[in-house]
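First up is the structure itself, then whatever we jot down about it.
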Amino acid sequence: LKIKSIPTKPVEGQKTGTSGLRKKVKVFQEENYLANWIQALFNSLPPEDYVGKTLVLGGDGRYFNVEAAQIIIKVAAGNGVGKILVGRHGLLSTPAVSAVIRKRKASGGFVMSASHNPGGPDNDWGIKFNYSSGQPAPETITDQIYGNTLSISEIKTADIPDVDLAALGVISYDDFTVEVIDPVSDYLELMENVFDFQLIKDLLSRPDFRFVFDAMHAVTGAYAGPIFVEKLGADPDCILNGVPLEDFGDGHPDPNLTYAKELVFIMFGSRAPDFGAASDGDGDRNMILGKRFFVTPSDSVAMIAANAQTAIPYFQSGLKGLARSMPTSGAADRVAEKLNVPFFEVPTGWKFFANLMDAGKLSICGEESFGTGSDHIREKDGIWAVLAWLNILAHRNKDKKVGERLVSVEDVAREHWATYGRNFFSRYDYEECESESANKMMEHLRDLISKSSPGEKYGDYTLQFADDFSYTDPVDGSSVSKQGLRFVFSDGSRIIFRLSGTGSAGATIRLYIEQFESDASKHGLDAQIALKPLIDLALSISKLKDFTGRNQPTVIT
Ligand code: VG1
Ligand code: CO
1 LKIKSIPTKP VEGQKTGTSG LRKKVKVFQE ENYLANWIQA LFNSLPPEDY VGKTLVLGGD
61 GRYFNVEAAQ IIIKVAAGNG VGKILVGRHG LLSTPAVSAV IRKRKASGGF VMSASHNPGG
121 PDNDWGIKFN YSSGQPAPET ITDQIYGNTL SISEIKTADI PDVDLAALGV ISYDDFTVEV
181 IDPVSDYLEL MENVFDFQLI KDLLSRPDFR FVFDAMHAVT GAYAGPIFVE KLGADPDCIL
241 NGVPLEDFGD GHPDPNLTYA KELVFIMFGS RAPDFGAASD GDGDRNMILG KRFFVTPSDS
301 VAMIAANAQT AIPYFQSGLK GLARSMPTSG AADRVAEKLN VPFFEVPTGW KFFANLMDAG
361 KLSICGEESF GTGSDHIREK DGIWAVLAWL NILAHRNKDK KVGERLVSVE DVAREHWATY
421 GRNFFSRYDY EECESESANK MMEHLRDLIS KSSPGEKYGD YTLQFADDFS YTDPVDGSSV
481 SKQGLRFVFS DGSRIIFRLS GTGSAGATIR LYIEQFESDA SKHGLDAQIA LKPLIDLALS
541 ISKLKDFTGR NQPTVIT
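According to this note's numbering, the residues represented by the sequence shown are 1 to 557, in order.
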């Protein structure tokens, strides 16, 4: 193998956020921008983690992935990597990358995706690195990579032709090999081991159960056909926007009530199907809808956890533990308490769950941001969440004759609230605010927190405590701080502010609101109505409108 050494210079700003490095496509197209970051990554890993070893490569099909894949393959070969397993056409969802790393015992893998951010020449591109148990690289690694991007002087790249990513099979160049793999088969095999596919198939083939899945022209388009249609017998018409496109059909591939409008319109219409779901750019997020009913993601993880042992084969011997990210509602906490299993509250971002899973302390976890998953892999998993709900519904309805009333998504949710109480939850996103004004608002809140004291009155609420969330990993003792400003009140209600770490322009302010309600007569209330007093309080203490000039959020969950 002929290795070239290319002289290069450091580039500013290659610091990873909540989930990988995300920038505008045009930035990644600057000379050596991507190759620099990949080389900095190899400079950060111990050689025994990659020399002669196997790495996985895939992405969500967005614009620039095809060029990026060739750059990554050549720099990997230049640094002595033994083998690259790459998804055909460069496609692999984030959960599939995690699954392939684990199944093929690879040392790690790359995901070419900016996840839920829009794609295309004028939008975003991104790259994430996952380690050998399939988990997102921990901050110790990403900090080192960033350090190395500031001192880099040389890129090592192999002088090989571009690899044909369209044909399955093995290509060898001396001691370096590229294997183009089917993006679906390893992942599908895993799903078949986790869930009861026959039971789900029986549900999907009932004349009185209608299902719809919106792939949002993103990576799950490649998975939906083989899994839902070919394996589980759903009608091909059940899949919306099922062809992955480089610009996601000019859409914003974020499965929420604002950006998944087409699905929301269908599911809230007069002829709504019984079950609807959507996934994001890279397939790790999910939105679950019943007939004219939205399951908020914080509830979804709690409801899956509460039903897992009875309905889902993978969990039949019980759960090791549950966890959620700090801003996610406390619905899962109540399930953990009832099941008497350990419970963890971690900072935003999936990387914090993985250590707990590797240590055997965690089975099911989730984030309010439409992320749900389990220890079958080390990433959140959109299709897994859809299958989990289908498996639960299939189990609840398995003895129902056609014509008998089926247990619906809404029934499962209402029963859950009746048992555990309801944690009303909402998130307001203010996207692309001016960075300076967003930072000033956060400073103002920090100042307020430093002067606050327990017992203080905030309107009708009494402060229990206010702080900036910090976390110490119970497995490796590492700690992180400044993970979100929280105001927690004596009745358990919470107001939380964070700045997003996944954007590529300006600042996105996230405001999270939660209030617990035990009174079943109030469980049917709309979350926006139930939470109105707390939302008004949040807007007034933060002076958000004054700082940002925004009267309305961009997205309400
Ligand atoms: C957001 C979500 C967070 C999620 C992250 C990655 O981060 O809030 O919960 O883990 O995106 O999701 P932030 O920093 O913008 O709030 V994805 O689907 O981009 O991999
Ligand atoms: Co994603």
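Don't be surprised by glycine CBs; every beta carbon is placed ideally from N, CA and C.
For this session: Return the CA-CA distance between I71 and S518, expressed in angstroms with no decimal places.
Result: Within the sequence shown, the letter at position 71 stands for residue 71. Within the sequence shown, the letter at position 518 stands for residue 518. Between I71 and S518, the C-alpha separation is close to 55 Å.
Exercise. Is there at least one non-hydrogen atom of the ligand VG1 closer than 7 Å to the beta-carbon of R271?
Worked result: By 1-based counting over the sequence shown, the position of residue 271 is 271. R271 Cβ: outside cutoff for every heavy atom of the ligand VG1.
Exercise. For K24, which beta-bridge partners are listed by DSSP?
Worked result: Locating residue 24 in the sequence shown gives position 24, counting from the first residue. D124, per the DSSP bridge assignment.
For this session: Can you tell me which of the three DSSP states R334 falls into?
Result: Position 334 of the sequence shown, counted from the first residue, corresponds to residue 334. Helix at R334.
Exercise. Taking T348 as the reference, which of K361, G371, L263, E337 has the closest Cα?
Worked result: For the purposes of this step, residue 348 is taken as residue 348 along the sequence shown, with counting starting at 1. That would be G371, whose Cα lies nearest to the Cα of T348.
Exercise. Are the segment 183-197 and the segment 251-258 touching, with three or more C-beta to C-beta distances below 8 Å?
Worked result: no
Problem set entry | DSSP-derived helix/strand/coil call for Q144 | Mapped onto the sequence shown, residue 144 falls at position 144. In this structure, Q144 counts as helix in the three-state DSSP scheme.
Problem set entry | For H395, three-class secondary structure by DSSP | For the purposes of this step, residue 395 is taken as the residue at position 395 of the sequence shown. Three-state DSSP puts H395 in a helix.
For this session: Report buried or exposed for V194, applying the criterion of at least 16 other Cβ atoms within 10 angstroms of its Cβ.
Result: Counting from one through the sequence shown, the residue named residue 194 turns up at place 194. By the neighbour-count rule (16 or more Cβ atoms within 10 Å), V194 is buried.
Exercise. Ends of the alpha helix (DSSP H) at S151?
Worked result: Position 151 of the sequence shown holds residue 151. No alpha helix (DSSP H) contains S151, which DSSP labels as neither H nor E.
Problem set entry | Close-in-space but distant-in-sequence residues of the same chain around D358 (CB under 7 Å, 5 per side omitted) | The count along the sequence shown starts at 1 and reaches residue 358 at position 358. Answer for D358: S133, listed in chain order.
Problem set entry | For D460, three-class secondary structure by DSSP | In the sequence shown, the residue the question calls residue 460 occupies position 460. In this structure, D460 counts as coil in the three-state DSSP scheme.
Exercise. Can you tell which of M441, S435, V488, D175 has its C-alpha closest to the C-alpha of P454?
Worked result: Within the sequence shown, residue 454 is the residue found at index 454, counting from 1. With distances taken between Cα atoms, P454 lies closest to V488.
Problem set entry | Cα-Cα separation, L319 to V346 | For the purposes of this step, residue 319 is taken as residue 319 along the sequence shown, with counting starting at 1. For the purposes of this step, residue 346 is taken as residue 346 along the sequence shown, with counting starting at 1. One C-alpha to the other measures close to 18 Å.
Exercise. What separation, rounded to the nearest whole angstrom, lies between the Cα atoms of I556 and R427?
Worked result: On the sequence shown, residue 556 is found 556 positions in, with the first residue counted as 1. On the sequence shown, residue 427 is found 427 positions in, with the first residue counted as 1. Looking at the two C-alpha atoms, the distance is approximately 6 Å.
Problem set entry | Reduced DSSP secondary structure (H/G/I, E/B, other) of K105 | Your numbering for residue 105 matches position 105 in the sequence shown. Reduced to three states, the DSSP call for K105 is coil.
Problem set entry | Span of the beta strand (DSSP E) around Y512 | What you label residue 512 is simply residue 512 of the sequence shown in a count that begins at 1. First-last of the beta strand (DSSP E) with Y512: 507-517.
Exercise. Under 7 Å from any heavy atom of the ligand CO, does the C-beta of G349 make it?
Worked result: The residue you call residue 349 lines up with position 349 of the sequence shown. It does not: the Cβ of G349 is nowhere closer than 7 Å to a heavy atom of the ligand CO.
Exercise. In this structure, does DSSP put Y33 in helix, strand or coil?
Worked result: The count along the sequence shown starts at 1 and reaches residue 33 at position 33. In this structure, Y33 counts as helix in the three-state DSSP scheme.
Exercise. Excluding sequence positions up to five away, which residues of its chain have a Cβ less than 8 Å from the Cβ of G169?
Worked result: Counting from 1 along the sequence shown, the entry for residue 169 is found at position 169. Excluding residues within five positions, the ones whose Cβ falls inside 8 Å are E179, V180.
Exercise. In three-state terms, what does DSSP make of V346?
Worked result: Within the sequence shown, numbered from 1, the residue matching residue 346 stands at position 346. Correct three-state label for V346: strand.
Problem set entry | Element boundaries [beta strand (DSSP E), containing L406] | As a working mapping, residue 406 is identified with position 406 in the sequence shown. No beta strand (DSSP E) holds L406; DSSP gives it neither H nor E.
Exercise. Leaving out five residues before and five after V51 in sequence, what residues of the same chain have Cβ atoms less than 8 Å from its Cβ?
Worked result: By one-based count along the sequence shown, residue 51 stands at place 51. For V51, where only same-chain residues beyond five positions count, the Cβ hits under 8 Å are N79, G80, V81, G82.
For this session: State yes or no: is the C-beta of G281 nearer than 7 Å to some heavy atom of the ligand CO?
Result: Start at 1 with the first residue of the sequence shown, and residue 281 comes out as number 281. Yes, since a heavy atom of the ligand CO falls inside the 7 Å radius drawn around the Cβ of G281.
Exercise. How far does the alpha helix (DSSP H) with V264 in it reach, from first residue to last?
Worked result: If you number the sequence shown from 1, residue 264 lands on position 264. Here the alpha helix (DSSP H) through V264 covers 261-267.
For this session: Quick one: residues in its chain with C-beta nearer than 7 Å to the C-beta of D476, no 5 flanking neighbours on either side, listed in chain order?
Result: Taking the sequence shown and counting its residues from 1, the one referred to as residue 476 is at position 476. Here the set comprises N355.
For this session: Have a look at T16 and E139 and give me their C-alpha separation to the nearest angstrom.
Result: In the sequence shown, counting from the first residue as 1, residue 16 sits at position 16. In the sequence shown, counting from the first residue as 1, residue 139 sits at position 139. The alpha-carbon atoms of T16 and E139 are separated by roughly 9 Å.
Exercise. When the Cα of A158 is compared with those of S172, Q135, R292, which residue comes out closest?
Worked result: Numbered from its first residue, the sequence shown carries residue 158 at position 158. Out of S172, Q135, R292, S172 has the C-alpha closest to the C-alpha of A158.
For this session: Verify the contact flag: T502, CB atom, against every heavy atom of the ligand VG1, threshold strictly below 7 Å.
Result: Counting from 1 along the sequence shown, the entry for residue 502 is found at position 502. Yes, the beta carbon of T502 sits closer than 7 Å to at least one heavy atom of the ligand VG1.
Problem set entry | Nonlocal neighbours in the same chain, by C-beta distance under 8 Å from S151, ignoring five residues either side | Reading the sequence shown from its first residue, position 151 is the one you call residue 151. Cβ within range, chain order: P10.
Problem set entry | For L544 and W384, the rounded distance between their alpha carbons | For this step, residue 384 is matched to residue 384 along the sequence shown. For this step, residue 544 is matched to residue 544 along the sequence shown. Distance between the alpha carbons of W384 and L544: 37 Å.
For this session: Tell me whether S374 counts as near the ligand VG1, meaning its Cβ is closer than 7 Å to at least one heavy atom of that ligand.
Result: By 1-based counting over the sequence shown, the position of residue 374 is 374. S374: no, Cβ never under 7 Å from the ligand VG1.
For this session: Entirely within the segment 293-336 and at least 4 residues each: give me those alpha helix (DSSP H) ranges in chain order.
Result: 297-311
Exercise. Among N241, S504, P226, which one has its Cα closest to the Cα of F213?
Worked result: Stepping through the sequence shown from its first residue, residue 213 is reached at position 213. Residue N241 is the option with its Cα nearest to F213.
Exercise. Which residue from S481, L537, E432 puts its Cα closest to that of I509?
Worked result: Here residue 509 refers to the residue found at position 509 when the sequence shown is read from its first residue. Checking every option, the nearest Cα to that of I509 belongs to E432.
Problem set entry | Whole-angstrom distance between P474 and V264, CA atom to CA atom | Numbered from its first residue, the sequence shown carries residue 264 at position 264. Numbered from its first residue, the sequence shown carries residue 474 at position 474. Near 40 Å, if we compare the C-alpha coordinates of P474 and V264.
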